[in-house]
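Colleague: Before we start, here is the structure in question, set down as structure tokens.
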Ligand SMILES: [Mg+2]
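Numbering (the numbering used here), first residue to last: 7 to 124.
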């Protein structure tokens, strides 16, 4: 399973990468904003799952989500929005735009495992 981890916080990426490694997922590609994530996604396809932060500079998670869902190439890629407690109300908007699921940060490895479906 290959995961694209998108978050502008290097600390958050490190925590999530450690959790993914702990779940036996060794193929983790990181990006610090939506624009970088688009470039990396194209470069490293096939990707199974994208863990997507909401607030990021350059291109935010919601804009990235809409761009990915406009492109049939990425139809099979699951997108999990990683939101803060205060952004929870926007989850419906993200699901309508094509996100498959969401996690509220900070999340446990167990919650991550469940959302990854592994
Ligand atoms: Mg952020």
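Every residue gets a Cβ at the ideal spot worked out from N, C-alpha and C, and that includes glycine.
By DSSP's criteria, residue 107 is part of a beta bridge. Which residues make up the other side?
Modeller: 86
Colleague: Identify whether residue 81 lies in helix, strand or coil by the three-state DSSP scheme.
Modeller: coil
Colleague: Per DSSP, residue 8 is paired with what?
Modeller: DSSP lists 33 as partners of residue 8.
Colleague: Using only the alpha-carbon positions, how far apart do residue 60 and residue 122 sit?
Modeller: So the alpha carbons of these two residues sit roughly 18 angstroms apart.
Colleague: With a threshold of 16 other CB atoms inside 10 Å of the CB of residue 64, please say whether the residue is buried or exposed.
Modeller: exposed
Colleague: Residue 82 to residue 94, Cα distance in whole Å?
Modeller: Distance between the alpha carbons of residue 82 and residue 94: 25 angstroms.
Colleague: Going by other Cβ atoms of all chains shown within 10 Å of its Cβ, with 16 needed for buried, is residue 4 buried or exposed?
Modeller: Nothing can be reported for residue 4, as the shown portion of the chain is limited to 7 through 124.
Colleague: Kindly list the residues whose CB is nearer than 7 angstroms to the CB of residue 57, restricted to its own chain and excluding five residues on each side of it in sequence; keep chain order.
Modeller: 9, 11, 12, 22, 86 and 88
Colleague: How should residue 55 be labelled, buried or exposed, when 16 other C-beta atoms within 10 angstroms of its C-beta is the threshold for buried?
Modeller: It is buried - the Cβ of residue 55 has at least 16 other Cβ atoms within 10 Å.
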